[in-house]
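Note sheet for the following structure.
Protein chains in written order, with my numbering: chain E, 5 to 276; chain P, -3 to 108.
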């Protein structure tokens, strides 16, 4: 049974594709391993009486432990990592393409997440940035295990930037720490300004919100100020940048944010 | 959508604990699910039966304790329990608050 949606389609593990090896069908099919955690239990007598055994273990412990391992890896290598989350169709991939091209002096790596196809990874591959595609199958989010596995193939250089494009989904990625430095939620102006109220978890757990497709503002009823007010209600610390991945409007501010974020992490002792 | 994988993790944690404590029969698994955890208890209940079938937890019941959201106002330090994420402080009207409880997603105990 698929462990993500419960459907009966047998093996629903995830796949990692390297677009650079497309024609060699270099697909690695993996299963979500269930590592049995050894919790700190209070060991009662071994008898058949009713017992209550205290466990006190976070359900997402396995993911969180792997996320911290990823974090340690990034810190050791001075890699700054961004986890980009949003609905499908907000413009994440176009944004990534322009970001990579704009970051001329910086080595950038990308991990793409989608249920199926390597279409996004192929687009990133065309920019020249090393990229791996994770196909989650029926899965609705990337998790720390998938990133952990992808990193072993991607093998990013020290002092580089890693951009992770999560599966398009405003719900599930909120729960799954990947080990990133920064989580960026992207919303396009065609989506409606009330999204933060309807999907509070993802906005509450992000550092920065990119308001994309500003070139379409004259044609849609999107009130930017209202959106910012709603978003600040669920996350008072959330920062905002308005931009258009299509025209490049506002991109300077996004580049500055990346630079400043990188500098802050380095000053905090992470990286060189 | 991912409640199935969360229930699977709960089952794994419970089975691991049973192995460590040499338990062969589990009656119940107690979990805490915070209101702001991002997980829907009803979806977990739905996933539970399908996931435990054929395992050590075949006849175990899932006991979910829902933890309400408790926040502390950044303005006046008043603690309150908002029904929704973005309720203003009833004392001073400030919207900014620190979340103290309500994000839990924890296996608390198993009962044999």
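Even glycine gets a Cβ: it sits at the ideal position worked out from N, Cα and C. Note that this is a predicted model, so its numbers are computed, not measured.
Report yes or no: do three or more beta-carbon pairs, one from the segment 2 to 12 of chain P and one from the segment 41 to 61 of chain P, lie closer than 8 Å?
-> Contact holds between the segment 2 to 12 of chain P and the segment 41 to 61 of chain P, because three or more Cβ pairs, one in each stretch, are under 8 Å apart.
Going by CA-CA distance only, name the one from 20(E), 167(E) and 106(E) that's closest to residue 78(E).
-> Comparing Cα-Cα distances from residue 78(E) to each of 20(E), 167(E) and 106(E), the minimum goes to 167(E).
Using a Cβ-Cβ cut-off of 7 Å, state whether residue 89(P) counts as contacting chain E.
-> Chain E, which has no Cβ nearer than 7 Å to the Cβ of residue 89(P), makes this no.
Exposure of residue 209(E), with buried meaning 16 or more beta-carbon neighbours within 10 Å = Result: buried.
By Cβ distance, which residues of its chain are closer than 7 Å to residue 16(P), with the 5 residues on each side in sequence left out?
-> Same-chain partners within the cutoff: there are none.
Sort out for me which residues DSSP pairs residue 68(P) with in a bridge.
-> 75(P) and 94(P), per the DSSP bridge assignment.
Mind pulling the chain E residues with CB within less than 7 Å of residue 103(P)?
-> In chain order: 59, 61 and 63.
If the cut is a Cβ gap below 7 Å, which residues of chain P does residue 237(E) touch?
-> Against residue 237(E), the close residues of chain P are 82 and 91, in the order they occur along the chain (beta-carbon pairs closer than 7 Å).
Could you tell me which residues DSSP pairs with residue 243(E) in its beta bridges?
-> According to DSSP, residue 243(E) bridges with 212(E).
Cβ of residue 187(E) within 7 Å of any chain P Cβ = Output row for residue 187(E): interface = no.
Can you have a look at residue 123(E) and say buried or exposed, based on whether 16 or more other CB atoms are within 10 angstroms of its CB?
-> Counting other Cβ atoms within 10 Å of its Cβ, residue 123(E) stays below 16 and is therefore classed as exposed.
Three-state secondary structure (DSSP) of residue 127(E) = Residue state, collapsed to three classes: helix.
Out of 76(P), 20(P) and 101(P), state which residue places its alpha-carbon closest to the alpha-carbon of residue 61(P).
-> Nearest of 76(P), 20(P) and 101(P) to residue 61(P), Cα basis: 101(P).
Closer than 7 Å by beta-carbon distance: list the chain P residues that pair up with residue 201(E), in chain order.
-> Below the 7 Å Cβ cutoff, chain P contributes 82 as neighbours of residue 201(E), in chain order.
Would you kindly work out how many angstroms separate the C-alpha atoms of residue 101(E) and residue 79(P), rounded to a whole number?
-> One C-alpha to the other measures close to 41 Å.
Is residue 183(E) near residue 74(E), with beta carbons less than 7 Å apart?
-> In contact: residue 183(E) and residue 74(E) (Cβ atoms closer than 7 Å).
When burial is assigned at 16 or more other CB atoms within 10 Å of the CB, is residue 230(E) buried or exposed?
-> It counts as exposed.
Counting pairs of Cβ atoms below 8 Å between the segment 143 to 150 of chain E and the segment 168 to 175 of chain E, do you hit three or more?
-> Taking 8 Å as the limit for Cβ pairs, the verdict is that the segment 168 to 175 of chain E does touch the segment 143 to 150 of chain E.
Is there contact between the segment 62 to 72 of chain P and the segment 38 to 46 of chain P, where contact requires at least three CB pairs shorter than 8 Å?
-> Too few Cβ pairs lie closer than 8 Å, so no.
Pull up the distance between the alpha-carbon of residue 237(E) and that of residue 76(P), whole angstroms please.
-> If I take the Cα positions, the gap works out to 16 Å.
May I have the straight-line CA-CA distance separating residue 191(E) from residue 256(E), to the nearest angstrom?
-> Annotation: residue 191(E) to residue 256(E) spans about 18 Å, alpha carbon to alpha carbon.
Nearest residue (CA-CA) to residue 92(P), options 105(P), 74(P) and 98(P) | When each option's Cα is compared against that of residue 92(P), the closest is 74(P).
State the DSSP-derived secondary structure class of residue 250(E), mapped to helix, strand or coil.
-> Coil at residue 250(E), not helix or strand.
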